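Contents: one structure, followed by commentary.
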Amino acid sequence: MKRLCYMPELQLDLISEFWKGQMLVNLSHGVYDILRQELVPVRGKFKFDYVINIRYRPRFKLDDAPNFKHYIETSVGYDQLECLLRVLGYCISSLTKGRKAFVFYGIGRTGKSTILNVLEAAIGSNLVSHEPFHTMSGERAKAHYEGKRCNISRETSTRPNRNEESFKSLVSCEFTTGSEKYEKQRDFVATLSFVFAGNSDVEFTFMDDAILDRLVYLIFNKTIPEDEIDLDLEEKLLAEKDVIFSLALDSLKRLIMDKYDFKMSPIAQEHIKHRRYLIHSAESFLDEKCKLSENGRVSKVVLYAAYTVFCKANALKPESRNRFYDKVRNYDASITDGRVPDSTGNSVQGFCGISFISGECQATDDESDE
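First residue of the sequence shown: 447, per the numbering used here; consecutive thereafter.
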């Protein structure tokens, strides 16, 4: 042990070895080359601190795994097969340029936990952490990521993640700090993948486009009837894991060639689109109810009151007053703060360069506190 501590020639830089071997996956019987899509004899040239518990076989087809094929038919559908394979392959690889977190979202009894149990079995439980989504950005949680290859959370809470910037940093595999209670902070690069599953969607205190750009959804919307539930499905899928992950490994070259497009299905893309609409309620209101006008003048109080009416009518959650005002300012460079006349002729705080579209119902100053 002393010789290891004081003789650099005996030491191994696992971080450097990780980056050198990103295009390789160390399997139980050989090393898989992602770009060549075959096993290669390089064990002596590269050092790995993990072993993925599968045996790769070329030219496998989905029909070679009948239980997995049935799982696809009854849980996610064929339109999500390619996305699922790319996600599974990415999670067992050392690739980091995807910069995505994966959300297995949908109703209960759809097989979310089942496929994640198979994924964890392939990676090895000692290389998997299980931090829940709402605490994933905490110092203590981050301390558990060091040396792990994947974080799998099987039940998403309705509680929001309150540290959006840390989430973005972790998913992007940037430097972070973590520490257990009463321990010194450690700096490291989190190179693991993040998978969150649940009946509830992931929520953030302040959702934005940058967060949505980092999410890949797999939608589980096919409920399995009680009398058709296969209690032995997990064991059957584990028996087919060599086929499943051979297909997943071969999907990685396509993923790289597609510039890390995980090929979300239309239903998943629509879900992202809807979530994007929800966080742009202010912009939607300005698009639909207002217009840019050189001589336009509108009271801030009246504008915000009209915005809240719009949100209520469209089942949207309104932004806070100050956040809404910031979005108005950023909507167009021609919009400026200024004094404007209210409905009684008094000079009040407002915006210049914008007005309501003619004929739109306008809230009055008296509605400002509703």
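Glycine included, each C-beta is placed from N, C-alpha and C at the ideal position. The structure presented is a predicted model; accordingly, all values stated were derived computationally and were not measured.
Residue environment, tyrosine 517, which counts as buried when at least 16 other CB atoms sit within 10 Å
As a position in the sequence shown, residue 517 is number 71, starting the count at 1. With 16 or more Cβ atoms within 10 Å of its Cβ, tyrosine 517 is classed as buried.
Specify, as a first and last residue, the run of the alpha helix (DSSP H) that lysine 746 falls within.
As a working note, residue 746 is residue 300 in the sequence shown. It spans 746-759 - the alpha helix (DSSP H) in which lysine 746 sits, taken as one unbroken run.
Using the Cβ count rule (16 or more neighbours within 10 Å means buried), how would you classify serine 599?
Counting from 1 along the sequence shown, the entry for residue 599 is found at position 153. Buried.
Give me the DSSP bridge partner(s) of aspartate 704.
Translated into the one-based positions of the sequence shown, residue 704 becomes position 258. The partner list for aspartate 704 (beta bridge, DSSP) is empty, contrary to what the question assumes.
If you drop the 5 nearest sequence neighbours on each side, which residues of the same chain put their C-beta closer than 7 Å to that of tyrosine 524?
For the purposes of this step, residue 524 is taken as the residue at position 78 of the sequence shown. Cβ neighbours of tyrosine 524 beyond the five flanking positions: Ile518.
Report the residue ranges of all alpha helix (DSSP H) runs contained in full by the stretch 520-578; include only those spanning at least 4 residues, in chain order.
527-538 and 558-569
Tell me whether histidine 580 is buried or exposed, calling it buried when 16 or more other Cβ atoms sit within 10 Å of its Cβ.
The sequence position of residue 580 within the sequence shown is 134, counting from 1. Buried, since its Cβ has 16 or more Cβ neighbours within 10 Å.
Apply the 10 Å Cβ neighbour rule to alanine 656 and answer buried if 16 or more other Cβ atoms are within range, or exposed otherwise.
Here residue 656 is taken as the residue at index 210 of the sequence shown, counted from 1. By the 10 Å Cβ count, alanine 656 comes out exposed.
Length at least 3, wholly inside the stretch 652-711: the beta strand (DSSP E) runs in chain order:
661-666
Mind checking whether isoleucine 553 and asparagine 667 have CB atoms under 9 Å apart?
One-based indexing of the sequence shown puts residue 553 at position 107. One-based indexing of the sequence shown puts residue 667 at position 221. Going by C-beta atoms, isoleucine 553 is nearer than 9 Å to asparagine 667.
Name, in chain order, the residues that DSSP records as bridge partners for valine 774.
As a first step, residue 774 is located in the sequence shown; it is residue number 328 there, counting from the start. According to DSSP, valine 774 bridges with nothing at all.
If we ignore side chains and look at the alpha-carbon of each, how far apart do lysine 491 and isoleucine 538 end up?
Mapped onto the sequence shown, residue 491 falls at position 45. Mapped onto the sequence shown, residue 538 falls at position 92. Going by the C-alpha atoms only, they are around 20 Å apart.
Contact under 9 Å by Cβ, phenylalanine 550 with cysteine 596
Along the sequence shown, read from residue 1 onward, the residue named residue 550 stands at position 104. Along the sequence shown, read from residue 1 onward, the residue named residue 596 stands at position 150. Not in contact: phenylalanine 550 and cysteine 596 (Cβ atoms no closer than 9 Å).
Taking buried to mean at least 16 other C-beta atoms within 10 Å of its own C-beta, is asparagine 472 buried or exposed?
Locating residue 472 in the sequence shown gives position 26, where the first residue counts as 1. Asparagine 472 should be labelled buried.
Using the Cα positions of isoleucine 725 and serine 603, report the straight-line distance between them to the nearest angstrom.
Here residue 725 corresponds to residue number 279 of the sequence shown, with the count starting at 1. Here residue 603 corresponds to residue number 157 of the sequence shown, with the count starting at 1. C-alpha separation (whole angstroms): 20 Å.
Provide the residue span of the alpha helix (DSSP H) that contains serine 730, from first to last.
Mapped onto the sequence shown, residue 730 falls at position 284. That run of the alpha helix (DSSP H) goes 727-735.
Check whether the stretch 501-508 touches the stretch 689-697, taking contact to mean three or more Cβ pairs, one atom from each stretch, closer than 8 Å.
yes
I need the straight-line Cα distance from lysine 515 to lysine 682, nearest angstrom please.
Within the sequence shown, the letter at position 69 stands for residue 515. Within the sequence shown, the letter at position 236 stands for residue 682. Their backbone Cα atoms lie some 11 Å apart in a straight line.
Inter-residue Cα distance where the pair is cysteine 736 and alanine 761
Within the sequence shown, numbered from 1, the residue matching residue 736 stands at position 290. Within the sequence shown, numbered from 1, the residue matching residue 761 stands at position 315. Rounded to whole angstroms, cysteine 736 to alanine 761 spans 19 Å at the Cα level.
Between the C-alpha atoms of aspartate 788 and lysine 746, what's the straight-line distance to the nearest angstrom?
Your numbering for residue 788 matches position 342 in the sequence shown. Your numbering for residue 746 matches position 300 in the sequence shown. Cα to Cα, the separation comes out at about 10 Å.
If you measure between the beta carbons of leucine 402 and methionine 582, is that distance less than 9 Å?
Because the chain here runs from 447 to 816, residue 402 falls outside it and cannot be looked at.
Distance, serine 540 Cα to arginine 555 Cα
Counting from one through the sequence shown, the residue named residue 555 turns up at place 109. Counting from one through the sequence shown, the residue named residue 540 turns up at place 94. So the alpha carbons of these two residues sit roughly 31 Å apart.
Using the three-state DSSP reduction, which class does aspartate 479 fall into: helix, strand or coil?
Counting from one through the sequence shown, the residue named residue 479 turns up at place 33. Aspartate 479 falls in the strand class under three-state DSSP.
Inspect the beta-carbon positions of lysine 718 and leucine 664 and report whether they are closer than 9 Å.
The residue labelled residue 718 in the question sits at position 272 within the sequence shown. The residue labelled residue 664 in the question sits at position 218 within the sequence shown. A small fix is needed here, since residue 718 is isoleucine in this sequence, not lysine. For isoleucine 718 and leucine 664, no; Cβs fall outside 9 Å.
Taking glycine 570 and glutamate 592 to be in contact with their CB atoms under 8 Å, please state how far apart those CB atoms are, rounded to whole angstroms.
Start at 1 with the first residue of the sequence shown, and residue 570 comes out as number 124. Start at 1 with the first residue of the sequence shown, and residue 592 comes out as number 146. The Cβ separation is near 16 Å, so there is no contact.
Out of Asn645, Gly584, Ala568 and Arg586, state which residue places its alpha-carbon closest to the alpha-carbon of glutamate 601.
Along the sequence shown, read from residue 1 onward, the residue named residue 601 stands at position 155. Per the Cα distances, Asn645.
Rank Gln483, Pro578 and His590 by C-alpha distance to the C-alpha of glutamine 631 and give the top, closest one.
In the sequence shown, counting from the first residue as 1, residue 631 sits at position 185. Glutamine 631 has its Cα closest to that of His590, out of Gln483, Pro578 and His590.
Assigned exposure category for lysine 558 - 16 Cβ within 10 Å defines buried:
In the sequence shown, the residue the question calls residue 558 occupies position 112. Lysine 558 comes out buried.
Going by alpha carbons, who is nearest to isoleucine 461 out of Phe548, Ala636 and Val477?
Position 15 of the sequence shown holds residue 461. When only C-alpha atoms are compared, the closest one is Ala636.
Check each candidate in Asn792, Phe770, Lys763 and Arg743 and name the one with the smallest Cα separation from isoleucine 800.
Reading the sequence shown from its first residue, position 354 is the one you call residue 800. Taking only the C-alpha atoms, the option nearest isoleucine 800 is Arg743.
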